[in-house]
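**Student:** Mind looking over this structure? Questions follow.
Protein chains: 2
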Amino acid sequence: MSVQTVPDMQKAAVILKLLGDKTRLTMVKLLENQTCCVCEFVEIFQMSQPSISQHLRKLRDAGLIREERRSQWIFYSLNNDSEWYPFVTSILENLPSQEEKLKELEKKGTRITCC
Amino acid sequence: MSVQTVPDMQKAAVILKLLGDKTRLTMVKLLENQTCCVCEFVEIFQMSQPSISQHLRKLRDAGLIREERRSQWIFYSLNNDSEWYPFVTSILENLPSQEEKLKELEKKGTRITCC
DNA sequence: TAACTATATAACAATTTACTTATATAATCA
DNA sequence: TGATTATATAAGTAAATTGTTATATAGTTA
Numbered sequence: 058m059s060v061q062t063v064p065d066m067q068k069a070a071v072i073l074k075l076l077g078d079k080t081r082l083t084m085v086k087l088l089e090n091q092t093c094c095v096c097e098f099v100e101i102f103q104m105s106q107p108s109i110s111q112h113l114r115k116l117r118d119a120g121l122i123r124e125e126r127r128s129q130w131i132f133y134s135l136n137n138d139s140e141w142y143p144f145v146t147s148i149l150e151n152l153p154s155q156e157e158k159l160k161e162l163e164k165k166g167t168r169i170t171c172c
Numbered sequence: 058m059s060v061q062t063v064p065d066m067q068k069a070a071v072i073l074k075l076l077g078d079k080t081r082l083t084m085v086k087l088l089e090n091q092t093c094c095v096c097e098f099v100e101i102f103q104m105s106q107p108s109i110s111q112h113l114r115k116l117r118d119a120g121l122i123r124e125e126r127r128s129q130w131i132f133y134s135l136n137n138d139s140e141w142y143p144f145v146t147s148i149l150e151n152l153p154s155q156e157e158k159l160k161e162l163e164k165k166g167t168r169i170t171c172c
């Protein structure tokens, strides 16, 4: 059994389609180096909370991200155990950093950093 | 002006969505090292000719592939002048070769190699 | 415990997507 | 030139997608 599994085209297409949405792509790029909670995404994207939750659910269902409850917040992070993690990070590498979006939250004082 | 332009997220998402379809992803992977015509794709994917043409059109409209007429056939190839070419090939690198699909055509004698 | 905050889910509507069939165009061949 | 082959495009349809609003759930706080 090989350590490096070759992704099959069908599944690769599913992953690419998931990343083929500006909101989800930016989310995943943000999670490349950070952990974020739902309410931060809501503020960053200026979208309704259900819409954000639904995007996160799709990413979670595919195993690309994982959630972790910390008191009232649920934090999401990139799932580095996913068989798709190397594929996804190789794509993210080519995208511009989205850190300034988090910097703005910090300036406004709405960045959540609990525990 | 930098040679290496940083892709913006909106456009990157559009490209990823285009690749997020099994048929189109396989087409682009095939075109990584080959040139193929429409009728070859029709046979490989066992899909209707209009459906194949429509997929190719989307890829062409985005500038990812280009077409070239050679007598009655129209051959498609990856457009290495596209600003997205490096991005796309970096994704294709991680996907399994689809060459065996062309090998089958050669066996059946339906591979088009004109001019 | 009641009110509040963060999040998820359900139900629905508008839009987009990916096919289909029918038809048009362009090149070749008899 | 008429028939054939390769391809594109148009129109229509079913399914998928992405947002919305309403509501449920779970934790926190007064």
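Protein chains in written order, with my numbering: chain A, 58 to 172; chain B, 58 to 172. Don't be surprised by glycine CBs; every beta carbon is placed ideally from N, CA and C. Computed from a prediction, not measured in an experiment: that's the story for all the values here.
What residue from Phe132/A, Ser128/A, Ser105/A has the CA that sits closest to Arg117/A's CA?
**Tutor:** Locating residue 117/A in the first sequence gives position 60, where the first residue counts as 1. Looking at the Cα atoms, Phe132/A is the closest of the given residues.
**Student:** Looking at the structure shown, is Glu125/A part of a helix, part of a strand, or coil, going by DSSP?
**Tutor:** Counting from 1 along the first sequence, the entry for residue 125/A is found at position 68. Strand at Glu125/A.
**Student:** Using 10 angstroms around the beta-carbon of Glu157/A, count the other beta-carbons present and answer buried if the total reaches 16, otherwise exposed.
**Tutor:** In the first sequence, residue 157/A corresponds to position 100, counting from 1. With fewer than 16 Cβ atoms within 10 Å of its Cβ, Glu157/A is classed as exposed.
**Student:** On the premise that Val71/A lies in contact with Ala119/A, defined as a C-beta separation below 8 Å, what is that separation, rounded to the nearest angstrom?
**Tutor:** The sequence position of residue 119/A within the first sequence is 62, counting from 1. The sequence position of residue 71/A within the first sequence is 14, counting from 1. Indeed they touch by this definition, with Cβ atoms about 7 Å apart.
**Student:** Kindly list, in the order they appear in chain A, the residues whose Cβ is closer than 8 Å to that of Met84/B.
**Tutor:** The residue labelled residue 84/B in the question sits at position 27 within the second sequence. Ordered by position in chain A, no residue passes the 8 Å Cβ test against Met84/B, which lies about 11 Å from the chain.
**Student:** What does Phe144/B reach in chain A if we use C-beta pairs closer than 7 Å?
**Tutor:** Position 87 of the second sequence holds residue 144/B. Within chain A, the residues near Phe144/B are Asn151.
**Student:** Give the single residue among Thr83/A, Trp130/A, Gln103/A, Gln67/A whose Cα lies nearest to the Cα of Thr146/A.
**Tutor:** In the first sequence, residue 146/A corresponds to position 89, counting from 1. The option with the nearest alpha carbon to Thr146/A is Thr83/A.
**Student:** So which residues of chain A does Ile148/B contact, with C-beta pairs closer than 7 Å?
**Tutor:** Looking up residue 148/B in the second sequence gives position 91. Ile148, listed in chain order.
**Student:** Can you give me the Cβ contacts of Gln155/B inside the same chain, cut-off strictly under 8 Å, excluding the 5 residues immediately before and after it?
**Tutor:** Counting from one through the second sequence, the residue named residue 155/B turns up at place 98. Only Thr83, Lys86, Leu87 meet the Cβ criterion.
**Student:** Is there a C-beta anywhere in chain A that falls below 7 Å from the one on Asp78/B?
**Tutor:** Here the question's residue 78/B lines up with position 21 in the second sequence. So, interface residue.
**Student:** Taking 7 Å as the threshold (C-beta atoms), are Lys115/B and Gly77/A in contact?
**Tutor:** Within the first sequence, residue 77/A is the residue found at index 20, counting from 1. Within the second sequence, residue 115/B is the residue found at index 58, counting from 1. Not in contact: Gly77/A and Lys115/B (Cβ atoms no closer than 7 Å).
**Student:** What residues in the stretch 112-144 of chain A have a beta carbon less than 8 Å from any beta carbon of chain B?
**Tutor:** Going along the stretch 112-144 of chain A in chain order, one finds Pro143, Phe144 with a Cβ nearer than 8 Å to chain B.
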